[in-house]
Structure formats: C-alpha cells, structure tokens
Amino acid sequence: MAANKSNKPNDAGRSPSRLLRGIGAHATITEDGFNPGAWVLSIGGAEQSHVNLAHPEEIFYEYLRRIGNVLDLAAPAGEPLRTLHLGAGALTLTRYLQATRPGSEQHAVELERELLDFVLAHLPLPEGTVLETVIGDARDALSRYEPGSFEAIVLDVFSGADAPEHLTTTEFYAEAAALLSPAGVLLVNVGDDPGLAFCRRQVRNLQAGMSGIPEAGFAALAEKSMFTGRYPGNIVLAATAFPWPEDWTTALLAAGPHPADVLTGERLDVFASGS
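1 is the number of the first residue of the sequence shown in UniProt numbering; add one for each residue after it.
Here's what the structure looks like:
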C-alpha cells in the first residue's frame, strides 16, 4: 500500500525530471504558475496530468472533471468507493477520491514503473490514501482480481487510434466488466481525431463487451461540440452494470464543464453508427 502524509511537493521550487527508459522520453514536473499548489506532469514535452496538492478535490482537465462527476454519482456522497485505475499518470483521480470519499480502497495499474516511482516521490498522496500499485499491462492485471471486486473502473490510457489494440477490443471490455460489482461503473477516456471513428468503434466494442450484463446502461460525455465530429478531443464513455439512470444525465448536464452534452439511448446508438 502506498500513502504519504504530506500535502506539499517534495523538492518544492524545482522542476524534477526523469528519463522513462521504456518509452525513451523524459517525465517532468513543473509548477502551475496560475494555480498555487498545483503541478503539471509532462512526458516528452507534452502535458499529461495536472495535480492540485493543496486542493485535490479540484480537477483541472475537463475530461477528468467529467469522470469525477460520474464518480460523484456512483455511491452516496462521502462513501468509500472500491476503484481500479488502469493507467496511473499523476494519480489525479486517486487524490480526488481520497479527498471526496476518504478511505476508498484504490488500485492503480501502470506500465511504466519509473513514471509511478517518479510521481510518488515528488507529488505525495493525500494523508490516509489507501492505494495498491501494480506495474504491468492493464489487461494482464485484470486477472489479479476477483469478479465483482470494484464499484468503479477507470481506463485512461488511450491517445487515439494508436492506442494499444488489446485494450480496445470487445474481449477486453468483457474482462473488465466482469470485475464490476452489481452497482459498478466502467469509465473510459477516449481521445480522438476529427471524424471520431476510433471513439465510435469504442462505443460499439464497449456495448458488445457488456453484453453479459443484459441490464447494462451506457452514456458518452463531452463538450457539446465534440459530438459534431469536427474537432479533436476527449470523450468519456460510461457503462453501468445497471440501467443508466436518467437522473444521472440531468446531474451530469448540470455539473458541466459547460457546454456539456450526455448521449444515451438512441442518440448514443446513432453516434456510434456514424450516421
């Protein structure tokens, strides 16, 4: 289990960097000059994660905020949530859950050991965080857990159509779905290019992968213009092990970030078909 009682960055005032030999790129942590107490993780010069150590309940990136909004609905406010994170990054959501649902049992799978070590060394977790970390492939790691183990599973490893193919298949989603409790939710961040062909395919694969749960519900969340297919960006896919609650749609539209849209039912099917 990993935990750290400090809410201040180690090596404050510096911009630590580490070579990730697995991908041949440097990971760097820099201070966010506009948000006191916040830090940015970059890999190969590209921003990957944003962490607010002073206020971990605040999420900067829009797609993560949308995921956080769904997690807010996944259980009564403040109740712990057994969560599996496939893709760790800077552990933004791990911190968020500890801040909003203290004592949540969390597990994080990360392929790059050096990245996870680097993040934990320089960006301490909130006091009391209960986190088991696993170094390895996200799909391989699924076999470590018993069916029905998690109330939430978050997949955040995609970077578009070049995502690892074995993490995009119907079979993968079926394996992940098997780990959901009857009240569980599976959340997938999908980054895509204009046209959204990859995202549409992921909706179809996710729906097929959840076919073993006949009552499963589905939704797609994004900034409203994303669904036109004219822009690159992120869309969050959500699958529940129970019928999608209409009051969740209302709550998510109200929560933003704005302008928000939530596709369910026929609207989602039309989007997935590319019609």
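Where a beta carbon is used, it is the ideal one built from N, C-alpha and C, also for glycine.
> Between Arg200 and the rest of its own chain, which residues show a CB-CB distance below 8 angstroms, the 5 nearest in sequence each way excluded?
Replying inline: Result list for Arg200: Phe271, Ala272, Ser273, Gly274, in chain order.
>> Which of the three DSSP states is assigned to Asn234 in this structure?
In response: Of the three classes helix, strand and coil, the one that applies to Asn234 here is strand, per DSSP.
> If we count the other Cβ atoms within 10 Å of its Cβ and call it buried at 16 or more, is Leu19 buried or exposed?
Replying inline: When all chains shown are included, Leu19 counts as exposed.
> Which word fits Arg21, buried or exposed, when buried means at least 16 other C-beta atoms lie within 10 angstroms of its C-beta?
Replying inline: Arg21 is exposed by the Cβ-count criterion.
>> With DSSP as the reference, identify every bridge partner of Ser225, one or two as the case may be.
In response: According to DSSP, residue pairing for Ser225 in a beta bridge does not occur.
> Terminal residues of the continuous alpha helix (DSSP H) containing Asp247?
Replying inline: In the DSSP annotation of this structure, the continuous segment of the alpha helix (DSSP H) that includes Asp247 starts and ends at 246 to 255.
> Just the Cα atoms here: how many angstroms apart are Ser181 and Leu237?
Replying inline: So the two alpha carbons sit approximately 18 angstroms from each other.
> Mapping DSSP to helix, strand and coil, what is Glu31?
Replying inline: The answer is strand: DSSP assigns Glu31 an E or B state.
>> Applying the 10 Å Cβ sphere with the 16-neighbour rule, what's the burial state of Pro243?
In response: So Pro243 counts as exposed.
> Out of Asp162, Gly89, Tyr96, Gln98, which has the shortest C-alpha to C-alpha gap to Val134?
Replying inline: That would be Gly89, whose Cα lies nearest to the Cα of Val134.
>> Rounding to the nearest angstrom, what Cα-Cα distance links Phe172 and Ser15 in this structure?
In response: The straight-line gap from Cα to Cα measures roughly 37 angstroms.
> Under three-state DSSP, which class holds Asp261?
Replying inline: Strand, per DSSP.
> Given that a residue counts as buried once 16 or more other Cβ atoms are within 10 Å of its Cβ, and exposed if not, what is Leu129?
Replying inline: The question names Leu, yet the displayed sequence has Thr at residue 129. Per the 10 Å Cβ criterion, buried.
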